[in-house]
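The structure appears right after this line, and notes come after that.
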Amino acid sequence: MRKRILVTGGAGFLGSHLIDRLVARGDDVVCIDNLQTGSLQNISHVRDQIAFVEHDIIQPLPELGEFHEIFNLACPASPVHYQVDPIHTFKTSVFGVLNLLELAKKQNCKILQASTSEVYGDPFVHPQPESYWGNVNPIGVRSCYDEGKRGAETLLFDYARMYGVTIKVARIFNTYGPRMDSKDGRVVSNFIVQSLRKKPLTVYGSGEQSRSFCYVEDLIEGFLLLMDTPKVVQGPVNLGNPYEFTMLELAQKVNMHTGNHVPLKFEALPQDDPKQRKPVIEEAQRLLNWIPSVLLDEGLQRTVDYFKNNLSIKSE
Ligand code: UDP
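For the record, in the sequence shown the residue sitting at position 262 is 257 according to my numbering, with numbers rising by one throughout.
If you want it as structure tokens, here you go:
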């Protein structure tokens, strides 16, 4: 069956990869994006196969017809971007999700929320299973994102309990790949761009903090399986790659893949920066038979190749 699908945040990094998969399987896609961090460039190759609506989901949604499914990916996700206007970021997660849940309730359609490993904050439990409630600072500079996404999860589960809306909550761990924004301050894009430009790699803190990096194609596969599974999904589902690396290890790998062995430059650790992060993915394995297949070396090479072809190496 050809499905009619709403993708909010569809012009962003993850959204545009999701739209590629939906278009390839023949779905009818409507993309909403306010272009705050997304870019029309990301969807230019499918522009004539989808409908694009420039809109901010914190505002009431325009009349767009009936949908079978909603994927909500609308929210700036990198600390640099979500901290520019923290009140707007919070509203995007809370008012935006509320608007989409009302639509899902009215149309009796499924909704998948792009939640985040940030709901675990700076975790005391390592690695993080879905059952861990997290350690989040409610008043810090990351709170607009962390607490906004936690509030969004609360709304989703209350709509499921009160109105029977079918919800899917994916907790996304650090994801990387082609179409990352070279300026959004993420460690993978920063290191690759810096290494290609032969500038020192900016390591924050000691570089011993860890993250687990998932290649974008693996993540999107997880999204689709989660949305499509006929099984009852009781709670949130972690989607991420369970291999854990320190930022020092990542820096070394990036230099190896660019072939430019540039030095490191140590800078201050941002406030509330989690010390470690690694998903337990047993729930995704059990429910969806999902497991990431792209190793960091393979994914980094593909991402380096993308930046080599799409970045002005000399600029800045
Ligand atoms: N980081 C770094 N250098 C950079 C950018 C980030 O060392 O140029 C660190 C950052 O402090 C954090 C980790 O890399 O510990 C991942 O940061 P990112 O912003 O990519 O993701 P998040 O903090 O949301 O996990």
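Backbone N, C-alpha and C fix where the C-beta goes; we use that ideal spot for every residue, glycine too.
- Task: Kindly confirm or deny that the segment 39 to 59 and the segment 248 to 258 touch, where touching means at least three C-beta pairs closer than 8 Å.
- Result: no
- Task: Note down, one range per segment and in chain order, each beta strand (DSSP E) of at least 3 residues found wholly within the segment 146 to 210.
- Result: 162 to 167, 196 to 199 and 205 to 207
- Item | Endpoints, the alpha helix (DSSP H) within which V114 is located | Element bounds for V114: n/a, residue is neither H nor E.
- Is the closest heavy atom of the ligand UDP to the C-beta of F240 under 8 Å? no
- Item | Beta-carbon proximity of V114 to K163, cut-off 9 Å | no
- Task: Whole angstroms is fine: what's the gap from P274's alpha carbon to F208's?
- Result: 10 Å
- Query: CB of S190 to nearest heavy atom of the ligand UDP: below 8 Å?
  - Reply: no
- Under a three-way DSSP split, which group does K144 fall into? helix
- Hey, would you say the C-beta of G159 is under 8 Å away from at least one heavy atom of the ligand UDP? no
- Query: Using DSSP with H/G/I as helix, E/B as strand and the rest coil, what is D80?
  - Reply: coil
- Query: What is the residue span of the beta strand (DSSP E) that L1 lies within?
  - Reply: R(-1) to T3
- In angstroms, rounded to a whole number, what distance separates the CA positions of T149 and G254? 46 Å
- Item | When W128, E212, R(-1) and F240 are compared against F66, the one with the closest alpha-carbon | R(-1)
- Same chain, Cβ closer than 8 Å to F84, neighbours up to 5 away in sequence not counted: One detail in the question is off: residue 84 reads as Thr in this sequence, not Phe. Only C70, P71, Y77, Q78, C139, Y140 and G143 meet the Cβ criterion.
- Query: Relative to the ligand UDP, what is the chain-ordered list of residues with a Cβ closer than 7 Å to any of its non-hydrogen atoms?
  - Reply: S73, P74, E113, N169, G180, R181, V182, V183, N185, F186, T197, V198, Y199, G200, G202, Q204, R206, M242, L264, P265, D268, P269 and R272
- How many Å lie between L295 and K101 at the Cα? 42 Å
- Where do the ends of the alpha helix (DSSP H) carrying E262 lie? Premise fails: E262 lies in the beta strand (DSSP E), L259 to E262, not in any alpha helix (DSSP H).
- Under three-state DSSP, which class holds A99? helix
- Item | Short CB-CB distance (under 9 Å) between L234 and chain B | The structure shown contains no chain B; it is built from a single protein chain.
- Message: So for K270, helix, strand or coil by DSSP?
- Response: coil
- Message: Tell me the rounded alpha-carbon separation between I82 and C26.
- Response: 24 Å
- Query: Around the C-beta of Y238, are 16 or more other C-beta atoms found within 10 angstroms, so that it is buried, or is it exposed?
  - Reply: exposed
- Under a three-way DSSP split, which group does N304 fall into? helix
- Below 8 Å on the Cβ atoms is my guess for L9 versus L245; work out the distance and round it to an integer in Å. That pair is no contact at about 20 Å.
- Task: From the DSSP output, in three-state form, read off A6 for me.
- Result: coil
- Cβ-based burial, H12 [other Cβ within 10 Å; buried from 16]: buried
- Who are the Cβ neighbours of Y158 in its own chain at under 7 Å, not counting the five residues just before and after it? K100
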